[in-house]
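Residue numbers (the working numbering): -2 to 545.
Written out below as structure tokens is the structure these notes cover.
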């Protein structure tokens, strides 16, 4: 490397600086010194091995012979820094061997001074980092491949969720509707069997999708305020019929001192408790299953709670206990045939608890039952409760209920699946509502040109124009009208049930989110919320018919 001389002349390097440079590093590093005008004045064995020139071949030649022509201009600013007495540490660049092949190197440069402290040249230490760069390239390639795989997995999961939940919505929806019709006792038994099998299938599907989401890193935790006793009571109420049918007691106890209101992921807490309680009931033939909540510790920021699910069931053999939280594992292979399940439930519970910052464990003795417990940290309730999406039936926050008939609440259903069109229309009819139908986003926009709707139940995956783009166009149209039109409420009614789908719905301009299969009780709550929000009092301004 050519370095301008402080005295405007070439100066032989002082032997002391040469020796310091030669002994500064050992091994395979190239240690080279140059005069002020870039003439190579020392060349160690490491430089011979790295560049292929012997010392005899290199000494007295310009150091530019080591720099590829395309890179020579890039080195000029380093020359300037050295001429000012600056040191340069580990800049990465290319250098060229005798055989004209190039290698990645890391270069450190220092100015060399004579006895008068004048800069008379430069010393450089060159390290071959080609292998490191190749490794970096391989890592980046692997990362890109992993990202592509993760995206492909996410796309696959979204498609699978949609394709599975779409027919499940029809099966469960029609079964619920059928159950409310006049049936003989034998027909009621058939419907009950179909309903139970559908729920079991849906539980298996949810387990598989949850496991896939966790494994692909797509699952995120949420935090919002919630009522703990209300959460526990709803679980006990949900599982009580199953316990009663088996003659097994189902109890719950929240110890004194446990904060009734917390901040955390209520939905995931509920999922873990439901899984553990469901397992306990499944493997308990006599006796009872009990849920106990106690306070483990408390800090200024929040509380750590202990949840225990204790049963008097089969217990778990010692040989099976060490692998119980592993995927696809059950205590005994025969339990799959007798009790069903994928062997994913406990693995999912463990992952969810750990994602929420907690830990999970159990004690069990064959024939005497099991006690599954987990510890979870919660933040303090901050008084600004934010209920999860699709729990919109907070009627206490809605306008006073009116006496207008539901038929004056204008609903448009956007759904391309013919069977699910029928399910949605029948469900709405059962609840006293009427609705128009559109099979895609273009039909939605066309319908809105001639009708004024209060609510759109929007499927997200539709041909011609999907629900997301349709929602965006509706909001853009409303914005262009500068408030002259009413804002229509849009609820995603979709088979996409993965993490991130909810946010995608909100970003497109939708107000709420319902995942298929649509439960009639959840739909009832949702419709009531938006009916009250619309404040419908009369249909006279809509179709010229005064409500009575």
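By construction, the Cβ of each residue, glycine as well, lies at the ideal position given by its N, Cα and C atoms.
request  = Determine the extent of the beta strand (DSSP E) in which residue 31 is found, giving its start and end residues.
outcome  = 27 to 32
Collapsed DSSP secondary structure at residue 572 in the structure displayed = Within the shown structure, residues of the chain are numbered from -2 to 545, placing residue 572 beyond reach of any answer.
key: Option in 120, 108, 468 and 130 with minimal Cα separation from residue 546   = In the structure as shown, the chain begins at -2 and stops at 545. Residue 546 is therefore absent and cannot be evaluated.
message = How far does the beta strand (DSSP E) with residue 295 in it extend, from its first residue to its last?
response = 285 to 295
Distance, residue 241 Cα to residue 297 Cα = 42 angstroms
ask   = What did DSSP end up calling residue 527 once you bin it into helix, strand or coil?
value = helix
query = In or out: residue 92 buried (at least 16 other Cβ within 10 Å) or exposed?
reply = buried
ask   = Just reading off the alpha helix (DSSP H) that residue 345 is part of, what are its end residues?
value = 342 to 352
inquiry  = With DSSP as the reference, identify every bridge partner of residue 108, one or two as the case may be.
reply    = 119
request  = Have a look at 313, 272, 376 and 238 and flag the residue whose alpha-carbon is nearest the alpha-carbon of residue 343.
outcome  = 272
inquiry  = Taking a contact to mean a Cβ-Cβ separation below 8 angstroms, would you say residue 247 touches residue 270 in this structure?
reply    = no
ask   = Under a Cβ-count criterion, where at least 16 other Cβ atoms within 10 Å of its own Cβ denotes burial, should residue 476 be classed as buried or exposed?
value = exposed
task = Could you tell me which uninterrupted beta strand (DSSP E) segments, each at least 3 residues in length, are contained entirely in the stretch 27 to 71, listed from first to last along the chain?
result = 27 to 32 and 37 to 40
inquiry  = Between the alpha carbons of residue 383 and residue 426, how many angstroms are there, rounded?
reply    = In this prediction, residue 383 has a pLDDT of 48, which is less than 50 and means its spatial position is unreliable; nothing more can be read from the coordinates.
ask   = Tell me which same chain residues have a C-beta within less than 6 angstroms of the C-beta of residue 528, skipping the five on either side of it?
value = 406
request  = Out of 501, 80 and 275, state which residue places its alpha-carbon closest to the alpha-carbon of residue 369.
outcome  = 275
query = Given a threshold of 16 other Cβ atoms within 10 Å of its Cβ, counted over all protein chains shown, does residue 52 qualify as buried or as exposed?
reply = exposed
key: Start-to-end residues for the alpha helix (DSSP H) that takes in residue 310   = Taken as a continuous stretch (DSSP letters only), residue 310 belongs to no alpha helix (DSSP H), as it is neither H nor E.
ask   = Going by alpha carbons, who is nearest to residue 449 out of 521, 432 and 83?
value = 432
inquiry  = Count Cβ pairs between the stretch 72 to 86 and the stretch 96 to 109 that sit closer than 8 angstroms; are there 3 or more?
reply    = yes
task = Compare the beta carbon distance of residue 435 and residue 409 with 8 angstroms and say whether it is the shorter of the two.
result = yes
query = What does DSSP give as the partner residues of residue 246 in its beta bridges?
reply = 285
ask   = Considering only C-alpha positions, which residue in the set 286, 267 and 183 is nearest to residue 223?
value = 267
key: Of the residues 490, 117, 94 and 313, the one placed nearest residue 360, counting alpha carbons only   = 313
At least 3 beta-carbon pairs within less than 8 angstroms: the stretch 461 to 468 vs the stretch 505 to 514 = yes
inquiry  = Comparing C-alpha positions only, which one of 65, 320, 118 and 142 sits nearest to residue 38?
reply    = 118
query = From which residue to which residue does the beta strand (DSSP E) around residue 92 run?
reply = 85 to 93
request  = Please classify residue 156: is it buried, with 16 or more other beta-carbons within 10 angstroms of its beta-carbon, or exposed?
outcome  = exposed
inquiry  = Using C-beta distances below 6 angstroms, list every residue in its chain close to residue 123, excluding the 5 sequence neighbours before and after it, in chain order.
reply    = 27, 102 and 104
ask   = Got a sec? Which residues, its chain only, sit under 6 angstroms from residue 377 by beta carbon, not counting five neighbours each side?
value = 299
request  = Have a look at residue 133 and residue 143 and give me their C-alpha separation to the nearest angstrom.
outcome  = 15 angstroms
query = With a Cβ-Cβ cutoff of 8 angstroms, do residue 417 and residue 163 count as a contact?
reply = yes
inquiry  = Less than 8 angstroms between the C-beta atoms of residue 245 and residue 281, yes or no?
reply    = yes
inquiry  = Could you give the first and the last residue of the continuous alpha helix (DSSP H) run that contains residue 465?
reply    = 464 to 477
inquiry  = Taking its Cβ as the centre, do 16 or more other Cβ atoms sit within 10 Å of residue 30, making it buried, or is it exposed?
reply    = buried
Run of the beta strand (DSSP E) containing residue 505, from where it starts to where it stops = Where residue 505 is concerned, there is no enclosing beta strand (DSSP E), given that its DSSP letter is neither H nor E.
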